[in-house]
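The block underneath contains the structure these notes are about, expressed in structure tokens.
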Amino acid sequence: MKKARFAVVVAAATVALALVLSGCAGSGSNSPAKAEGPGGISKLTVGFDSSYPPYGFVGDDGSYTGFDLDLAKEVAKRNGWEFEASPIDWDAKDALLQSGSINCVWNGFTMEGREDSYTFSDPYMLNEQVVVVKSGSDRTTLEQLAGASVMTQVDSAALDVLQAPTAEGGQADLAATFGTLSTIGDYNGAFLQLETGVVDAVACDLSIAQYQISKNPGKYLQIETPLSSEHYAVGFAKGNTELAQAVSATLKDMEADGTVKALCEKYATYGISYDNWLLK
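Positions -18 to -1, 1 to 262 (mature numbering (1 follows the signal peptide of the UniProt record, and there is no 0)) are the ones given, in order, by the sequence shown.
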């Protein structure tokens, strides 16, 4: 009887020890490798279109660069976050945000019309949607685009404007006069189509137009009247206000100490203007 009781006691002690050890191991495996920083993250993974100069593109040295990426990198540094620039397919951005593969979309991202789908930082840059034609074209006004073949990027702000009802501030009535309105994966491809005469015009962001015009002197002409005016902001998964607020606060600090102005001057030849910066 004593032997039986002793065996039961030993068995119980063994089980208890196993549970304690198991609990310790489980606790260790569930702990994050790194403590979270401001905004509830330890790493800022930025989703961007790598063919979208001057905001995000491949530099001469083969590395990713651009105005927005430089902003994002400095924001990450000041918050103690690791930084990763993650090139994405633009039409996959929503799925990547929802899956957590990226923390944000930061790439000349227009906030108007998307407020129900994302949580945004404070708007930081003024932008316009414009139309570019080849130099020498007889289509120099929006009205003269009647019958023209116009191209823009898939899922872009320009496409949204051209499809939005005129009564709501869009340009659907204008687009209805086009011969065709087509889309392509990136603006580099769109301007190649314009250069070779496949299309008559490209609808795009103002800074994209200014970049292409400055890099190709005498080749392109911007139609003076814009399609619309809008604002750029950093887009986060809906409800992620903590991270959006942390990024906004850091951008304001960067404006206050002159960092933003210096970056605008760095990319001035690419069409970036400090006059369009909003967080002043």
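Ideal Cβ positions, reconstructed from N, Cα and C, are used throughout, including at glycine.
Remember, it's a predicted structure, so these values are computed and weren't measured experimentally.
Under the three-state reduction of DSSP, F30 is assigned to strand.
Burial is judged here by how many other beta carbons sit within 10 angstroms of a residue's own beta carbon; S99 has fewer than 16 and is exposed. Counting only runs that start and end inside the stretch 63 to 118, the beta strand (DSSP E) elements of at least 3 residues fall at 64 to 69, 100 to 102, 107 to 116. In the DSSP assignment, K25 forms a beta bridge with E64. For V242, the enclosing alpha helix (DSSP H) starts and ends at 241 to 248.
Non-local beta-carbon contacts of L261 in its own chain, meaning distances under 7 Å to residues more than five positions away in sequence, involve D104, Y106, L233, K234, E237 in chain order. Contact between the stretch 161 to 175 and the stretch 120 to 131 is established, with three or more Cβ pairs separated by less than 8 Å. Around the C-beta of S117, fewer than 16 other C-beta atoms lie within 10 Å, and the residue is accordingly described as exposed. Beyond the five residues adjoining it in sequence on each side, P208 comes within less than 8 Å, by CB distance, of E110, Q111, V112, L188 in the same chain, given in chain order.
I23 is positioned such that its CB atom lies no closer than 9 Å to that of W72.
Between the stretch 196 to 214 and the stretch 74 to 81, the count of Cβ pairs shorter than 8 Å is below three; the stretches do not touch. By the Cβ neighbour-count rule, Q145 is exposed, with fewer than 16 other Cβ atoms within 10 Å of its own. With a contact defined as Cβ atoms closer than 8 Å, Q192 and T165 miss out at about 22 Å. Contact annotation: V28 and S68 have beta-carbon atoms nearer than 9 Å.
Under a 10 Å Cβ-count criterion, D42 is classified as exposed, with fewer than 16 other Cβ atoms of the shown protein chains found around its own Cβ. The continuous stretches of beta strand (DSSP E) do not include G171, which lies in the alpha helix (DSSP H) extending over residues 169 to 177. Here P20 really is in contact with N61; their C-beta atoms are around 5 Å apart, less than 8 Å. It is roughly 42 Å from the alpha-carbon of G44 to the alpha-carbon of D155. Nearest neighbour of A228 by Cα position, chosen from A58, S32, D257, turns out to be A58.
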